[in-house]
Amino acid sequence: MQIEIEKLKALLSPDKKYLIVSHKSPDGDAVGSAVGWFHFLKTFSKHVQIVLPDPPSDSLSSFLMGSDCCFFNVSPIPSKEYFSQAEVLFCLDFNGPSRVGSEMESSIKDFKGVSCMIDHHPEPESFTNVSISDVQNSSTCQLLFECIQEMGMGDRISVDCAKALYLGIMTDTGSFRFPSVTAKTHLALAFLLEKGLRASDVHEQLSDNNRLDQLKLRGYATYEKIAMHSKYPLGLITLSKAELDRFNYQPGDTDGLVNAILSIKGIKMAILLQEKSDGVKISFRSKGEIEINQFAKKHFNGGGHKYASGGISYDSMQETVRKINNHIAEVFA
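Reminder that position 331 of the sequence shown reads as 338 in the working numbering, one-by-one numbering, no gaps.
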């Protein structure tokens, strides 16, 4: 990785035009890595822009304040201009062009400048000039922090940068509960705190802005909709489009809901299925020796980490649940 770090360092110089992108439906690590890297790059150049495929949830949108960001699905013409003007493209928290969605994918593939991927997801594709991949890392934000430190540039981490990096590390580790958390994770946090990070502010900004309908939806899901598998330590919630509409669903309203299932005593695997206009979105979580990324990839066009993955089904909700029940023995074999 040291060779790639040196290549990364060579990309950093005054007045270059930088573009930062991340994946579709951006989560905390996507937003945190984009914003954190934005503030880091601003210490080199005034020409830094973020383009995301689509907006994040309301709870994450506020973290974009103070950065220059636009959304490809909202402003495609300006977004394409940023791609054509940029000299260096940073692809953060995704490891293949398809992860940005069909609208923006061609802009990634057709980029004429130098491109660099920094990511921690398994099975990275070769689509950039520089590739920094660490699948053992807790998050892309932690990996970015380590890259900055390896380059000897920790002094360029501002409070705004530290706040964004903390957001990504905290959300991608389930508030530091997942096995991906190591001593290096906590050393990174210590450094960020010394830089002036107020961790409590991040938690408050992320978690204390719930809508009443959002809380009602989560209450309904946990009280009425949790189903326990008769044979395996598995809990499952299904939410139809009608049920989501009943509670005026907005993106982000069910973030973390799948972890509530996993918190039940004795449960080793949790699945959340949500019916959307383009298919049934599936979130998988597990713990212990139960790994679910290959199951998500094999059966539901998905993948991700060993203990946290996603997928999608283009069948009905009923057929999707039937498919899970037909194949779930593979996970517990």
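Note that beta-carbon positions come from the ideal geometry of N, C-alpha and C, so glycine has one too.
> The beta strand (DSSP E) spanning M177 covers which residue range?
Replying inline: Where M177 is concerned, there is no enclosing beta strand (DSSP E), although the alpha helix (DSSP H) it sits in stretches over V166 to D179.
> Taking only runs of the alpha helix (DSSP H) that begin and end inside the region 228-276, which ones reach a length of at least 4 residues, in chain order?
Replying inline: The DSSP assignment places complete alpha helix (DSSP H) segments of no fewer than 4 residues inside the region 228-276 at 248-253 and 264-269, in order along the chain.
> Name the DSSP beta bridge partners of C76, please?
Replying inline: Under DSSP, C76 forms a beta bridge with I57.
> Does the distance from the CB of D100 to the CB of H193 come in under 8 Å?
Replying inline: Contact: no.
>> When you compare the region 143-153 with the region 180-187, are there three or more beta-carbon pairs, one atom per stretch, that lie closer than 8 Å?
In response: With a cut-off of 8 Å, the region 180-187 and the region 143-153 count as touching, because enough Cβ pairs lie within range.
> Based on Cα-Cα distance, which residue from S207, N255, F152 and Y230 lies nearest to D218?
Replying inline: Looking at the sequence provided, one finds Arg at residue 218 rather than Asp. Measuring C-alpha to C-alpha distances from R218 to each of S207, N255, F152 and Y230 identifies N255 as the nearest.
> Which term fits H334, buried or exposed, when burial requires 16 or more other beta carbons within 10 angstroms of its beta carbon?
Replying inline: H334 should be labelled exposed.
> Can you list, in chain order, the residues of its chain whose CB lies under 6 Å from that of K14, leaving out five sequence neighbours each side?
Replying inline: Once the five neighbours on either side are set aside, the close Cβ partners of K14 are V137.
>> Could you check whether G318 and A336 sit closer than 8 Å to each other, using their CB atoms as the reference points?
In response: Taking 8 Å as the Cβ cut-off, A336 and G318 do not qualify as a contacting pair.
>> I'd like the list of long-range same chain contacts for D75, defined as Cβ closer than 6 Å, with 5 residues on each side in sequence excluded.
In response: In the same chain as D75, and ignoring 5 residues on each side of it, the C-beta atoms closer than 6 Å to its own belong to Q56, in chain order.
>> Checking the sheet assignment: what are the DSSP bridge partners for Y25?
In response: Beta-bridge pairing links Y25 to V55 and V95.
> Which two residues bound the contiguous beta strand (DSSP E) that contains V121?
Replying inline: Residues V121 to D126.
> What is the rounded straight-line gap between the Cα of K232 and the Cα of L174?
Replying inline: Whole-angstrom Cα-Cα distance: 30 Å.
> How long is the line joining the alpha carbons of K87 and K24, rounded to whole angstroms?
Replying inline: Taking the straight line joining both Cα atoms gives about 14 Å.
>> With the cut-off set at 8 Å, would you say M111 and F70 are in Cβ contact?
In response: Between M111 and F70, the gap from beta carbon to beta carbon reaches 8 Å or more.
> Does DSSP classify G161 as helix, strand or coil?
Replying inline: Reduced to three states, the DSSP call for G161 is helix.
> Under 8 Å, do A195 and F152 count as touching if we go by C-beta distance?
Replying inline: The answer is yes: Cβ separation under 8 Å.
> Relative to the alpha-carbon of Q221, which residue among P240, A197 and Q257 has its alpha-carbon at the smallest distance?
Replying inline: When each option's Cα is compared against that of Q221, the closest is Q257.
>> Using a 10 Å radius around the Cβ and a threshold of 16 neighbouring Cβ atoms, would you call F45 buried or exposed?
In response: Counting every other CB atom within 10 Å of its CB across the protein chains shown gives F45 a total of 16 or more, marking it as buried.
> DSSP state of L199, grouped into three classes?
Replying inline: L199: helix per DSSP, three-state reduction.
> Opposite I139 in the DSSP bridges: which residues?
Replying inline: DSSP lists I125 as the bridge partner or partners of I139.
> Do G43 and A171 come within 8 Å of each other at the CB atom, strictly closer than that value?
Replying inline: Yes. Within cutoff.
>> Run through the DSSP bridge pairs and tell me what A315 is partnered with.
In response: A315 has R292 as its beta-bridge partners, per DSSP.
> If you draw a straight line from the C-alpha of I125 to the C-alpha of V166, how long is it?
Replying inline: Near 22 Å, if we compare the C-alpha coordinates of V166 and I125.
> So what's G43 in DSSP terms, helix, strand or just coil?
Replying inline: G43 falls in the helix class under three-state DSSP.
> Does the distance from the C-beta atom of I265 to that of R292 stay below 8 Å?
Replying inline: A small fix is needed here, since residue 265 is Val in this sequence, not Ile. In contact: V265 and R292 (Cβ atoms closer than 8 Å).
> Does the Cβ-Cβ distance between L279 and I331 come in under 8 Å?
Replying inline: Cβ atoms of L279 and I331: not closer than 8 Å.
> Going by Cα to Cα distance, which pick from G35, V287 and G39 is closest to C168?
Replying inline: Among G35, V287 and G39, the Cα nearest to that of C168 is on G39.
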